[in-house]
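Novice: Below is one structure. I have some questions about it.
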Amino acid sequence: MQIHISPTDGVPIYVQIVHQIKYLVASGRLTAGEELPPIRTLAEQLLVNPNTIARAYRELEVAGVVTKRRTAGTYISDAGSPLAQTEKWRILTERVDLLLAEARQMNVSTGEVIDLIRQREADMDEAVPKLHQGGERT
Amino acid sequence: MSVDDLHPAQTAMDQTVIDIDGVTRRFGKTVALDDVSLTLPRGVVLGLVGENGAGKTTMIKHILGLLKPHGGTVRVFGCDPAADPVGVLGRIGYLSEEDGLPSWMRVNELQRYARAFYPGWDPHYAERLRQDFGLQPTAQLKSLSKGQRARAGLMVALAYRPDLLLLDEPSSGLDPIVRRDILGAIIRTIADEGRTVLFSSHLLGEVEQVADRVAMIRKGKIVFCDNLDAIKDNHIGITLRFPEPRSAPPLLDHACAWTGAGREWSAVYAGGAVRMEAEAAVLGATVVERHWPSLDEIFVARSNAVSAAIGEG
Chain Y
0 MQIHISPTDG VPIYVQIVHQ IKYLVASGRL TAGEELPPIR TLAEQLLVNP NTIARAYREL
60 EVAGVVTKRR TAGTYISDAG SPLAQTEKWR ILTERVDLLL AEARQMNVST GEVIDLIRQR
120 EADMDEAVPK LHQGGERT
Chain V
0 MSVDDLHPAQ TAMDQTVIDI DGVTRRFGKT VALDDVSLTL PRGVVLGLVG ENGAGKTTMI
60 KHILGLLKPH GGTVRVFGCD PAADPVGVLG RIGYLSEEDG LPSWMRVNEL QRYARAFYPG
120 WDPHYAERLR QDFGLQPTAQ LKSLSKGQRA RAGLMVALAY RPDLLLLDEP SSGLDPIVRR
180 DILGAIIRTI ADEGRTVLFS SHLLGEVEQV ADRVAMIRKG KIVFCDNLDA IKDNHIGITL
240 RFPEPRSAPP LLDHACAWTG AGREWSAVYA GGAVRMEAEA AVLGATVVER HWPSLDEIFV
300 ARSNAVSAAI GEG
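Residue numbers (numbering that gives the first Met the number 0), protein chains in the order written: chain Y, 0 to 137; chain V, 0 to 312.
Structure, rendered in structure tokens:
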């Protein structure tokens, strides 16, 4: 499990961990039943306070992303897939909102944005990655 | 083995390790600590932040009993460290920016020397730390790089498993790899044994990584001391948009470090989200952007706020 935290970013570190684990679940890189590293191991790996990891795991448990088992391990919930769906849509909605806001600022209509998306998809399928003038953002 | 097995009487998590109450200390006419109060319960990692000369080291020297307060009291493990240095110092692992290691010694001599000094010295743990840190047993301390000397100091500070780890600017001037070792040591200390750590640092990213609680000190006074989670919840980076352009920043309680012009003004708000929204509404402003400020941003904003208050006063 690869998690990268940025302590100078401002977003509380436990929130960064929660987001990234949700993202890994949504993108299928963590699957139902997979065990998360023990708190202490992840604390030493990321060099963050173990209480921070514990808080992140607690938040994930409340959100139903992980379950604690009696053997003290923390596992990705079996009920992960409906959540993964919600999370997928949440991530995409954020991106789309950003895209629409920028398009509006540049006086580009939603119809033109949709055309552009289709165009890009076609380009990708042809495996000719061509960048529209500065139109890409992450 | 955890500390709970060693000291069954000390398992209470609310046990106070450091209790500084109304401490004042002057050097000539300079007031280095001005009525400072601070308590640190067992098992907590406190990050002490402040500019150079703010009083961090002076405070740490009071905890070590190296300085006596001119007013107020200092208690460490319930004892006065200045009156009972033996009772206190044997339980504190201390590492400062300038290491006080005897430079003519070799690493293995340092281990033997420290072992004689501290009753709780754990030779196996010391040896493991030496290997982890890549210290050659026969290397002379004076021949070591600054980073390796810091590691040797860290080995001594950790190997008797002190109840309180006190680090005064441990990362100062060290490369990132040594800093990782120091942070790793802090994390293992608390994860392993539930021990207490106080460290001062100007690298606020590191403080954000490992501290449970943060105290900011400025000109000898505590500006704030709170749990990091509470600090992060209370401070909000905001941008307000006003219906009409303004020539001066708005007046808003708890907001500091205004920047902006015209209709949009940004600040760090230190009073929580609910109050911020209410106050913005009263001003007729819309909150158009908000973000989590980093500890660095909070520190700068609060420092400037204090200077402004001092300037006015």
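A virtual CB, placed ideally from N, CA and C, is assigned to each residue, including glycine.
Can you give, in chain order, each stretch of the beta strand (DSSP E) that sits fully within the region 17-100 of chain Y and has at least 3 residues?
Specialist: As far as the region 17-100 of chain Y is concerned, its whole beta strand (DSSP E) runs of at least 3 residues are 65-67 and 73-75.
Novice: Would Arg39 (chain Y) count as contacting chain V if we go by Cβ distances under 8 Å?
Specialist: The residue labelled residue 39 (chain Y) in the question sits at position 40 within the first sequence. Chain V, which has a Cβ nearer than 8 Å to the Cβ of Arg39 (chain Y), makes this yes.
Novice: Leaving out five residues before and five after Gln139 (chain V) in sequence, what residues of the same chain have Cβ atoms less than 6 Å from its Cβ?
Specialist: For the purposes of this step, residue 139 (chain V) is taken as the residue at position 140 of the second sequence. Around Gln139 (chain V): Arg105.
Novice: Classify Ile4 (chain Y) as helix, strand or coil using the three-state DSSP reduction.
Specialist: Here residue 4 (chain Y) refers to the residue found at position 5 when the first sequence is read from its first residue. Looking at Ile4 (chain Y) - three-state DSSP - the assignment turns out to be coil, as it is neither helix nor strand.
Novice: Run through chain Y and tell me which residues come within less than 8 Å of Ile235 (chain V), C-beta to C-beta.
Specialist: Counting from one through the second sequence, the residue named residue 235 (chain V) turns up at place 236. Near Ile235 (chain V) there are no residues of chain Y at all, since even the closest Cβ is about 10 Å away, more than 8 Å.
Novice: In whole angstroms, give me the CA-to-CA distance for Asp167 (chain V) and Asp96 (chain Y).
Specialist: Stepping through the second sequence from its first residue, residue 167 (chain V) is reached at position 168. Stepping through the first sequence from its first residue, residue 96 (chain Y) is reached at position 97. Taking the straight line joining both Cα atoms gives about 47 Å.
Novice: Compute the beta-carbon to beta-carbon distance between Tyr13 (chain Y) and Ile38 (chain Y), rounded to the nearest angstrom, for a pair I have assumed lies under 8 Å.
Specialist: The sequence position of residue 13 (chain Y) within the first sequence is 14, counting from 1. The sequence position of residue 38 (chain Y) within the first sequence is 39, counting from 1. Not quite, the Cβ-Cβ distance comes to about 12 Å (not below 8 Å), so this is no contact.
Novice: Express the C-alpha separation of Gly64 (chain V) and Ala31 (chain V) in angstroms, rounding to a whole number.
Specialist: By one-based count along the second sequence, residue 31 (chain V) stands at place 32. By one-based count along the second sequence, residue 64 (chain V) stands at place 65. Distance between the alpha carbons of Ala31 (chain V) and Gly64 (chain V) is about 16 Å.
Novice: Could you compute how far the alpha carbon of Pro7 (chain V) sits from the alpha carbon of Arg129 (chain V)?
Specialist: As a first step, residue 7 (chain V) must be located in the second sequence, where it is residue number 8. As a first step, residue 129 (chain V) must be located in the second sequence, where it is residue number 130. Confidence at Pro7 (chain V) is low in this model, with a pLDDT of 40, below 50, so the placement of that residue is unreliable and no value is reported for it.
Novice: Among V:Ala272, V:Tyr93 and V:Glu205, which has the Cα closest to the Cα of Ile237 (chain V)?
Specialist: Here residue 237 (chain V) is taken as the residue at index 238 of the second sequence, counted from 1. Of V:Ala272, V:Tyr93 and V:Glu205, the residue nearest in Cα terms is V:Ala272.
Novice: Determine, for Asp295 (chain V), whether the minimum Cβ-Cβ distance to residues of chain Y falls below 8 Å.
Specialist: Your numbering for residue 295 (chain V) matches position 296 in the second sequence. Yes - at least one Cβ of chain Y is within 8 Å of the one on Asp295 (chain V).
Novice: Taking C-beta to C-beta, are Lys231 (chain V) and Pro49 (chain Y) nearer than 8 Å?
Specialist: Numbered from its first residue, the second sequence carries residue 231 (chain V) at position 232. Numbered from its first residue, the first sequence carries residue 49 (chain Y) at position 50. No, the Cβ-Cβ distance between Lys231 (chain V) and Pro49 (chain Y) is not below 8 Å.
Novice: Which residues in chain V sit within 9 Å of Pro49 (chain Y), going by Cβ to Cβ distance?
Specialist: For the purposes of this step, residue 49 (chain Y) is taken as the residue at position 50 of the first sequence. Under the 9 Å cutoff, chain V gives Ile186, Ile189 and Ala190.
Novice: Please state the DSSP three-state secondary structure of Ser302 (chain V).
Specialist: For this step, residue 302 (chain V) is matched to residue 303 along the second sequence. Reduced to three states, the DSSP call for Ser302 (chain V) is helix.
Novice: So, Asn303 (chain V) versus Cys224 (chain V), is the Cβ gap smaller than 8 Å?
Specialist: Against the second sequence, residue 303 (chain V) aligns to sequence position 304. Against the second sequence, residue 224 (chain V) aligns to sequence position 225. In this structure, Cys224 (chain V) does not lie closer than 8 Å to Asn303 (chain V) by Cβ.
Novice: Using Cβ-Cβ distances below 9 Å, what residues of the region 210-236 of chain V are close to chain Y?
Specialist: Under the 9 Å Cβ criterion, the region 210-236 of chain V contributes Ala210, Asp211, Leu227, Asp228, Lys231, Asp232 and Gly236.
Novice: Assign Gly283 (chain V) to buried or exposed, taking buried as 16 or more other Cβ atoms, counted over all protein chains shown, within 10 Å of its Cβ.
Specialist: Along the second sequence, read from residue 1 onward, the residue named residue 283 (chain V) stands at position 284. By the neighbour-count rule (16 or more Cβ atoms within 10 Å), Gly283 (chain V) is not buried but exposed.
Novice: Taking only beta carbons into account, state which residues of the region 277-293 of chain V come closer than 7 Å to chain Y, listed in chain order.
Specialist: So the list reads His290, Trp291, Pro292 and Ser293, given in the order they occur along the chain.
Novice: Helix, strand or coil for Ser95 (chain V), going by three-state DSSP, please let me know.
Specialist: By one-based count along the second sequence, residue 95 (chain V) stands at place 96. DSSP places Ser95 (chain V) in strand when its eight states are reduced to three.
Novice: What's the call for Ser108 (chain Y), buried or exposed, on a 16-neighbour Cβ count within 10 Å?
Specialist: Here residue 108 (chain Y) refers to the residue found at position 109 when the first sequence is read from its first residue. So Ser108 (chain Y) ends up on the exposed side.
Novice: Could you check the C-alpha separation between Asn51 (chain V) and Leu39 (chain V) for me, to the nearest Å?
Specialist: Here residue 51 (chain V) refers to the residue found at position 52 of the second sequence. Here residue 39 (chain V) refers to the residue found at position 40 of the second sequence. Taking the straight line joining both Cα atoms gives about 22 Å.
Novice: Go through its chain and collect everything with a Cβ distance to Glu276 (chain V)'s Cβ below 8 Å, but skip five positions before and after it.
Specialist: Reading the second sequence from its first residue, position 277 is the one you call residue 276 (chain V). Only Val286 meet the Cβ criterion.
Novice: Would you mind working out which of V:Asp18, V:Val43 and V:Pro136 sits nearest Val35 (chain V), comparing C-alpha positions?
Specialist: Counting from one through the second sequence, the residue named residue 35 (chain V) turns up at place 36. Cα-wise, what sits closest to Val35 (chain V) is V:Asp18.
Novice: If distances are taken between C-alpha atoms only, which option among V:Val299, V:Gly27, V:Leu100 and V:Leu153 comes closest to Val222 (chain V)?
Specialist: Residue mapping note: residue 222 (chain V) aligns to position 223 of the second sequence, counting from 1. Residue V:Val299 is the option with its Cα nearest to Val222 (chain V).
Novice: Thinking Val43 (chain V) and Ile185 (chain V) are a contact (beta carbons under 8 Å), I'd like their distance in whole angstroms, please.
Specialist: One-based indexing of the second sequence puts residue 43 (chain V) at position 44. One-based indexing of the second sequence puts residue 185 (chain V) at position 186. Going by Cβ atoms, the distance from Val43 (chain V) to Ile185 (chain V) rounds to 12 Å, so no, they are not a contact pair.
Novice: List, in order along the chain, the chain Y residues whose C-beta lies closer than 8 Å to that of Val44 (chain V)?
Specialist: Sequence index remark: in the second sequence, residue 44 (chain V) carries index 45 (1-based). Within chain Y, the residues near Val44 (chain V) are Asn48.
Novice: State the Cα-Cα distance for the pair Ala190 (chain V) and Arg245 (chain V), rounded to the nearest angstrom.
Specialist: Here residue 190 (chain V) refers to the residue found at position 191 of the second sequence. Here residue 245 (chain V) refers to the residue found at position 246 of the second sequence. If you take the alpha carbons of Ala190 (chain V) and Arg245 (chain V), they lie about 52 Å apart.
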